[in-house]
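J.: Take this structure first; my questions come after.
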Amino acid sequence: MAPERVAVRDRAAFLRRAEHRLLRVGALAGLLVLWEALTRIGWIPALFLPSPVGVVRELVEMAASGQLMVHVAASLRRLVLGFAAGALAGVIVGIATGFFSRAEAVGQPLIAATFPIPKIALLPLLILWLGIGEPSKIAVIALGVFFPMAINTYAGVRQADPLLVQAAVAFGAGRWSVIRKVILPSALPMIFAGLKLGAGTALLLLVAAEMIAADSGIGFLVLHAGNIMDTTKLMVGIVCLSLLGVLSHWVLTRCERLAVPWRHT
Amino acid sequence: MIDGSPARGKVRPGLICCGVPGIRVIVDRLSKSYRDRSGRNLVALNGIGLTVEPEEFVAILGPSGCGKTTLLNIIAGLLPATSGEVVFEGERRPGQPLTATVFQEFALFPWRTARANVEFGLEELDLSPAERKERSARFIAMTGLEGFEGKFPHQLSGGMRQRVGIARALAVDPAVLLMDEPFSALDAQTRTLMMEELLGIWERARTSIVYVTHNIQEAVYMADRVVVLSRRPGQVLEVVPVELKRPRHEGQMGDSAFLLAAERIWGLIKSQAQAALVEGKS
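As they're listed, the protein sequences go chains S and L. Residue numbering for the first sequence follows our numbering, starting at 328 and increasing by one per position. Residue numbering for the second sequence follows our numbering, starting at 527 and increasing by one per position.
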C-alpha cells in the first residue's frame with residue numbers, strides 16, 4: 328500500500344454559528360417594505376390591512392390630538408398596579424411555600440387547584456365583587472401575575488444551593504438571615520423569569536378586561552375601532568400593545584442586570 | 527457536659543496539656559447512624575473519641591466514605607449526633623463563636639464580593655460597622671487578597687476563592703477552625719502553595735484547626751496529630767503523632783519522621799482503601 332498524506336480538515340465548521348446582523352435587520356425591514364408595496368398596488372384592500380405608512384401617520388395624529396395618551400395612560404395605570412400587586416404577593420407566597428414546610432403543605436394544593444383556572448373567566452365574578460370600575464380590572468391582572476410569580480419563586484427557593492444555606496448557618500445566620508441573605512438572592516434569577524412571564528400574562532388580561540368592560544384603554548380602542556371598521560385606528564392600538572410588550576420586557580431585563588450583577592459580569 | 531457552656535470554662539489545672547489558655551474540643555463516644563432510601567440502618571460513625579487541644583492542628587484522615595465530613599458537620603453543630611456528644615471546654619473571648627468552617631467547594635456567596643463574603647460571618651456578630659470593616663480588611667490582608675476585595679467569586683481563581691473562604695472563617699475569630707478538604711478542589715501546584723500559606727497563617731492566628739483530608743502527605747505535612755479513621759462505620763483506628771519541628775517547610779517531606787508517619791498511616795488504611803475501591807462507591 329502506498330503511504331498516504333492527509334491534511335486535517337475542520338469537520339465541525341458547519342456547527343459554528345455567525346451572528347448575521349444584516350440579515351436580522353433586513354428581515355424586519357423587508358417585511359415592512361413588502362407589506363407597504365402590497366397595499367400600494369392595491370392587492371390588499373386598506374379595509375383589511377392598512378399600509379404601515381398610514382398606520383404611523385394615524386398614530387402621530389392621535390398622539391398630537393392627545394386622544395392616544397388618554398388610552399395609553401389608562402392602560403398603563405391598570406397594568407402597573409395589577410402587576411405590582413400580583414408580583415409582590417407571588418414573591419411572598421413563593422418564598423413562604425418554598426422555605427416553610429407548613430406553608431408548603433397549605434399553599435401547594437391550593438395553588439395547584441386554582442392555577443389552571445383561566446383568570447379571565449373570573450372577571451365577571453370580580454366585577455360582581457369589586458364593581459365595574461378599576462379595582463376589578465386591576466385584580467384580574469394581579470391574579471394572572473400572581474400564579475407564575477408564586478410558582479417561579481417557589482422553584483427558585485427550592486433550587487437554592489443547600490451548601491450555601493449550610494455555610495450561612497455555619498456562620499451564625501438564623502432563619503430570617505438565611506431567607507434574606509441566601510434564599511432571596513438565590514431565587515432572584517427565577518423571580519425575574521417569573522416577572523417576564525407575568526408581564527406577558529398581564530398584557531393579555533389587560534386587553535381582555537378592557538374589551539369586556541371599559542370605556543378607555545388600548546383594549547377598548549382596538550375593540551371600538553374594529554366595531555366601526557376603522558382598521559387604521561385598530562392597527563394603531565395593536566402597535567401600542569406590541570410596543571408596551573417590548574418596553575416591559577426591556578425594562579425587566581435592565582432591572583435584572585442591576586439586581587443580579589454576579590450573573591452578567 | 528453542656529455544649530459550649532462558658533460556665534464550665536474555668537480551666538482546671540492538669541486538664542490542659544501545655545498550659546495554653548483556650549478551648550479544647552472533646553468528642554466523646556460519638557455515633558451517627560441514618561436510614562438510607564431502602565430503610566436500612568447505616569452506621570456512619572461509631573464511638574468516635576478524640577480531643578483537640580488549644581492551638582493544636584489535628585488532621586482527620588480516612589478513605590472516602592468514612593464519615594469525615596459527617597464528623598466535622600456534627601462538631602460544627604450542623605448535624606445532630608445519634609449518640610455521644612461534642613463539648614467545647616475552656617475560656618472563650620466575649621462574642622467568640624465556637625467554630626467556623628472552610629468548605630471543600632468554597633461555598634462562597636456568588637452575589638457577594640470577596641469583601642462582602644469575608645464580612646458575612648461578622649454581620650452575625652455584634653460588631654460596629656467600623657470594627658467589621660477593620661476586621662475584614664485585616665484578614666483580607668492576611669490571606670493575600672488585597673486588590674481583589676471588589677471581585678465576585680466567579681471572577682477569582684480557585685486558589686483565590688479558597689483564600690476568601692479562609693479569610694471569612696478566620697475573621698469571626700473562632701475558637702476552633704474546621705476545614706473540610708479545603709484544597710482538594712484545587713490543582714496540585716496551587717494546593718502546595720496554599721498548604722504553605724495556611725501554615726503561615728496558622729502560625730500567626732494560632733487557632734486550633736481540625737482539618738479533614740484523605741491526602742496523607744497533606745495531613746502529615748501540616749498536622750500535630752493525625753486521627754486515622756476506618757471505612758464505614760467510621761472508627762478511630764489510631765492517632766498518629768507527627769514529630770516534625772515547626773515552622774514547617776516543604777523540605778521536611780524527606781525527613782525520616784515524615785516518612786515514618788506517612789508509612790504508618792498508609793499501612794493503616796491501605797486495606798481499607800482497597801476495599802473501598804472494589805466496592806466502588808463512596
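Glycine residues also receive a C-beta, built at the ideal position from the N, C-alpha and C atoms. Keep in mind the model is a prediction, meaning the values are calculated, not measured.
For the region 536-565 of chain S, which residues have a beta carbon sitting closer than 7 Å to at least one beta carbon of chain L?
T.: Those would be none; no residue qualifies.
J.: Kindly indicate if chain S contains any beta-carbon less than 7 Å away from that of Gly676 (chain L).
T.: No, no contact with chain S.
J.: Need the endpoints of the alpha helix (DSSP H) that Ile468 (chain S) sits in, please.
T.: Ile468 (chain S) -> alpha helix (DSSP H) spans 461-485.
J.: Ser468 (chain L) and Gln630 (chain L): beta carbons closer than 7 Å?
T.: This structure cannot settle anything about residue 468 (chain L), because the visible part of chain L is limited to 527 through 808.
J.: Between the alpha carbons of Thr639 (chain L) and Leu376 (chain S), how many angstroms are there, rounded?
T.: Each residue's Cα considered, the two are about 55 Å apart.
J.: Pairing CB atoms from the region 449-458 of chain S with CB atoms from the region 395-405 of chain S, are three or more of them under 8 Å?
T.: Touching, no, given that fewer than three Cβ pairs across the two stretches are closer than 8 Å.
J.: Are the C-beta atoms of Leu712 (chain L) and some chain S residue less than 7 Å apart?
T.: Not one chain S Cβ lies under 7 Å of Leu712 (chain L).
J.: Could you tell me the distance, in whole angstroms, from the CA atom of Lys523 (chain S) to the CA atom of Phe474 (chain S)?
T.: Rounded to whole angstroms, Lys523 (chain S) to Phe474 (chain S) spans 13 Å at the Cα level.
J.: Between the alpha carbons of Arg332 (chain S) and Phe341 (chain S), how many angstroms are there, rounded?
T.: The straight-line gap from Cα to Cα measures roughly 24 Å.
J.: Determine which residues share a DSSP beta bridge with Arg554 (chain L) and list them.
T.: Here residue 554 (chain L) turns out to be Asp, not Arg, going by the sequence shown. According to DSSP, which records beta bridges pairwise, Asp554 (chain L) is partnered with L:Glu611.
J.: Using 10 angstroms around the beta-carbon of His775 (chain L), count the other beta-carbons present and answer buried if the total reaches 16, otherwise exposed.
T.: By the 10 Å Cβ count, His775 (chain L) comes out exposed.
J.: Run through chain S and tell me which residues come within less than 8 Å of Leu651 (chain L), C-beta to C-beta.
T.: Within 8 Å Cβ-Cβ: Gly499.
J.: Kindly indicate which residue of S:Leu452, S:Ala497, S:Leu386, S:Arg590 has the alpha-carbon position closest to the one of Ile565 (chain S).
T.: Answer by Cα proximity: S:Leu386.
J.: I need the DSSP call for Leu453 (chain S), collapsed to helix, strand or coil.
T.: If DSSP states are grouped into helix, strand and coil, Leu453 (chain S) belongs with the helices.
J.: Is there a Cβ of chain L sitting closer than 7 Å to that of Leu490 (chain S), yes or no?
T.: Yes, Leu490 (chain S) counts as interfacial toward chain L.
J.: Using the DSSP secondary-structure output, state which residues sit across from Ile666 (chain L) in a beta bridge.
T.: DSSP lists no partner for Ile666 (chain L).
J.: Work out the CA separation of Thr424 (chain S) and Ile447 (chain S) for me, nearest whole Å.
T.: Going by the C-alpha atoms only, they are around 25 Å apart.
J.: Can you give me the C-alpha to C-alpha distance between Gln778 (chain L) and Asn479 (chain S), rounded to a whole angstrom?
T.: Going by the C-alpha atoms only, they are around 56 Å apart.
J.: List the endpoints of the continuous alpha helix (DSSP H) containing Glu722 (chain L).
T.: Start and end: 714-731.
J.: Taking Cβ positions, are Phe583 (chain L) and Asp750 (chain L) nearer each other than 7 Å?
T.: Yes, the pair counts as a contact, with Cβ atoms nearer than the cut-off.
J.: Per DSSP, which residues does Leu571 (chain L) bridge with? Please list them.
T.: Note: Leu571 (chain L) sits in a beta bridge opposite L:Lys558, L:Gly760.
J.: Applying a beta-carbon distance threshold of less than 8 Å, which residues of chain S neighbour Glu631 (chain L)?
T.: Simply Leu490.
J.: Give a yes or no on whether the minimum CB-CB distance between Leu604 (chain L) and chain S is below 7 Å.
T.: Chain S, which has a Cβ nearer than 7 Å to the Cβ of Leu604 (chain L), makes this yes.
J.: Which residues in chain S have a C-beta closer than 7 Å to the C-beta of Trp637 (chain L)? List them in chain order.
T.: Simply Pro512, Trp589.
J.: With a CB to CB cut of under 8 Å and the five nearest residues on each side skipped, what residues in its chain are close to Gln743 (chain L)?
T.: Within the same chain, Gln743 (chain L) has close Cβ partners Met779, Ala788.
J.: State whether the region 561-576 of chain L contacts the region 634-650 of chain L, with contact taken as three or more CB pairs (one from each stretch) at a distance under 8 Å.
T.: The region 561-576 of chain L vs the region 634-650 of chain L: no contact.
J.: Is the region 658-666 of chain L close to the region 580-596 of chain L, with three or more CB pairs under 8 Å?
T.: Too few Cβ pairs lie closer than 8 Å, so no.
J.: Please report the distance separating the alpha-carbon of Ile413 (chain S) from that of Leu359 (chain S).
T.: The identity of residue 413 (chain S) in the sequence shown is Gly, whereas the question assumes Ile. Their Cα atoms are separated by approximately 37 Å.
J.: Terminal residues of the continuous alpha helix (DSSP H) containing Phe583 (chain L)?
T.: From DSSP, Phe583 (chain L) is part of no alpha helix (DSSP H) but of the beta strand (DSSP E) over 583-587.
J.: Hey, how far is the Cα of Ala495 (chain S) from the Cα of Leu653 (chain L)?
T.: Rounded to the nearest angstrom, the two C-alpha atoms are 17 Å apart.
J.: List the residues that DSSP assigns as beta-bridge partners of Val578 (chain S).
T.: According to DSSP, which records beta bridges pairwise, Val578 (chain S) is partnered with nothing at all.
J.: How should Gly565 (chain L) be labelled, buried or exposed, when 16 other C-beta atoms within 10 angstroms of its C-beta is the threshold for buried?
T.: Exposed: under 16 other Cβ atoms inside 10 Å.
J.: Compute the distance between the beta-carbons of Gly691 (chain L) and Met720 (chain L), then report whether it is under 7 Å.
T.: Cβ atoms of Gly691 (chain L) and Met720 (chain L): not closer than 7 Å.
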